[in-house]
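Just so we're aligned, residue 656 is where the sequence shown starts under our numbering, counting upward by one.
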Amino acid sequence: MFNTIDSKIKTMDSILEQLGLTLIQIVDYWPKEQFEDKFNVCIANTHTFDMNKIGNEEECNEAVEVLLKNPQAKAVLLMVIATDVHCIMSAAQKKKKDHFQWITLDTEAGKFLKSYSNVTERLISIIENNSHNITEFNENYFDNLSPENHTKNPYFAEAWQRIYYCDLGNATKYGNKCSKELYFSQFSRAINVRPDASQFIISFMIYGMALHSAWQANCKTGEKICDKLRKMDGNTFFNEHILNVNFPYADSNISLFEKELSITLNVKDFQKVGDQRELNDVAKWQRNKLITFGKELDLINSTCTTSCAKGYRQRRKSNYCGCVCDKCNADEYLVNKYTCKICEEGTVPNSDFSGCIKSSCQCSIEIQKLTNKMNDLQKHNGEMKCRMMHFEYNMMPQKYKKPNCTLD
């Protein structure tokens, strides 16, 4: 319900779109295919960086070679630690200087890169203002985790083995057994718990405070979880309790704004200052809006060039980095160039589909509903026909022509 990861990706996506960086590549330690559909901006490629080769020059060169295979997607989101940010940027500078527009999320990248005046690549850093201290959370929670006491998470033992590169029990994948010394090491350091973990802590605190409020409102003193609380639906819990939490940390980077989770982020530009290069503030994302500080951003162009007509939304085709246009339904307006939203009852889209206006008669609404059903049916029939053509061609290419339609 209180999905911090989704909210962070949504925020990142909105910032990139408003900066005009709508065609990107991603470098990360973990495969990000499961996140790609959460972005509206077009993701040309996701490269998985080997986390066992941090700062490895060969690995950094390989990453740059992969990125150069998508020459139009010049914006690269680096979801790696500062050591690898510098390593990758240095490799790119040697291979093709100033080709990429780098974007980093690492909170320590600015401190790390400050002393490297030889790196002249273009970089913006999107940094969270993490005011909540995570030391206590690490000491009391993360550093006490082990495969034996954390069995609720079915993937934890597998992650433990991958992080420490060792085998538990009868496993033989890594070739050496996990030693007892690992149980006395700091797990938070091994998995690189960064300051931005504070957003999860704050989310848990808000959820806990909302749950306590719901319990007080619905259960009798002495009851643990009463039936009334168990039967409460998610919308009631969110609107009446989560949105009414009086969160004590006013300077937190997480807030609730217009019934949505809002994450405050600082946008910094890697600029030359004397003989050094430093990250300077150029904008801030706050309350779901980008606020610029009047400074021009010299960004490398990296955009999806497709433009859609009025009443059409832009959509990225699966497995292919190209944008297509889908028509919104007759009773929908465009929230942004990617999203159609249905108008409220009694209203219809205006002439340019930028909002809704009151309908002159009920009949127009009924006509719209009927039109929507017809459009949906026509679209479904077209997709089925295309799939059948592909099936026939794959089964007997000598008999059937190659289809001129594409499948998403």
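Backbone N, C-alpha and C define an ideal beta-carbon position, used for all residues, glycine too.
Asked	Found
Cβ pair count under 8 Å reaching 3, the region 890-902 against the region 854-874	yes
Alpha-carbon to alpha-carbon, His-702 and Lys-693	17 Å
Close Cβ partners of Arg-844 (< 7 Å) along its chain, the five nearest in sequence each way excluded	none
Cβ-based burial, Arg-932 [other Cβ within 10 Å; buried from 16]	buried
Val-1003 burial status per 10 Å Cβ neighbour count (16 or more: buried)	buried
Residue burial classification, Arg-1042 (beta-carbon count within 10 angstroms, cutoff 16)	exposed
Leu-954 vs Leu-678 beta-carbon contact at 8 Å	no
Beta-carbon contacts of Arg-970 that lie in its chain and below 6 Å, excluding the five residues immediately before and after	Val-979, Asp-981
Option in Pro-802, Ile-782, Ser-840, Gly-1001 with minimal Cα separation from Asn-793	Ser-840
Same chain, Cβ closer than 8 Å to Ile-946, neighbours up to 5 away in sequence not counted	Ala-938, Lys-939, Trp-940
Ile-1012 Cβ short of 7 Å to the ligand MG heavy atom set	This structure simply doesn't include the ligand MG, nor any ligand for that matter.
Residues sharing a beta bridge with Leu-969, DSSP	It should be noted that the sequence gives Gln, not Leu, for residue 969. Paired residue(s): Cys-980.
Residues bridged to Phe-925 (per DSSP)	Leu-934
Residue range of the unbroken alpha helix (DSSP H) whose run includes Gln-748	737-750
Proximity below 8 Å, CB of Gly-949 to CB of Phe-1008	no
Alpha-carbon spacing of Ile-664 relative to Lys-923, whole angstroms	18 Å
Within 8 Å, strictly: CB atoms of Cys-1011 and Cys-995	no
Burial state of Lys-729, where buried means 16 or more other Cβ atoms lie within 10 Å	buried
Three or more C-beta pairs below 8 Å linking the region 828-835 and the region 868-882	no
Same chain only: Cβ atoms within 8 Å of Lys-875, ignoring 5 sequence neighbours per side	Cys-881
Secondary structure of Met-734, DSSP reduced to three states	strand
Residues of its chain near Thr-958, where Cβ-Cβ distance is below 8 Å and the 5 sequence neighbours each way are ignored	Gly-675, Leu-676, Thr-677, Leu-678
Residues near Glu-714 by beta carbon distance below 6 Å, same chain, minus five either side	Asp-705, Lys-708
Residue from Leu-952, Ile-918, Asn-935 with nearest C-alpha to Ala-852	Ile-918
Spatial distance of Ala-964 from Glu-987 (CA atoms)	15 Å
Short Cβ contact (8 Å threshold) for Ala-869 with Met-887	yes
Simplified DSSP assignment, three categories, for Tyr-988	strand
Where the alpha helix (DSSP H) containing Val-721 begins and where it ends	712-723
Secondary structure of Ala-728, DSSP reduced to three states	coil
Rounded separation between Leu-698 and Ile-681 - CA only	Here the sequence assigns Ile to residue 698, which means Leu is not the residue at that position. Ile-698 and Ile-681: Cα-Cα distance of roughly 7 Å.
Under 8 Å between C-beta atoms of Ile-789 and Ile-856	yes
8 Å Cβ cutoff met for Phe-842 and Leu-800	yes
Residues that DSSP places opposite Leu-671 in a beta bridge	Its beta-bridge partners do not exist; DSSP assigns none.
Between the CA atoms of Ile-736 and Ala-1064 - distance to the nearest angstrom	Since the first residue of the chain shown is 656 and the last is 1063, residue 1064 is not available in this structure.
Coil, strand or helix - Ser-858 by DSSP	helix
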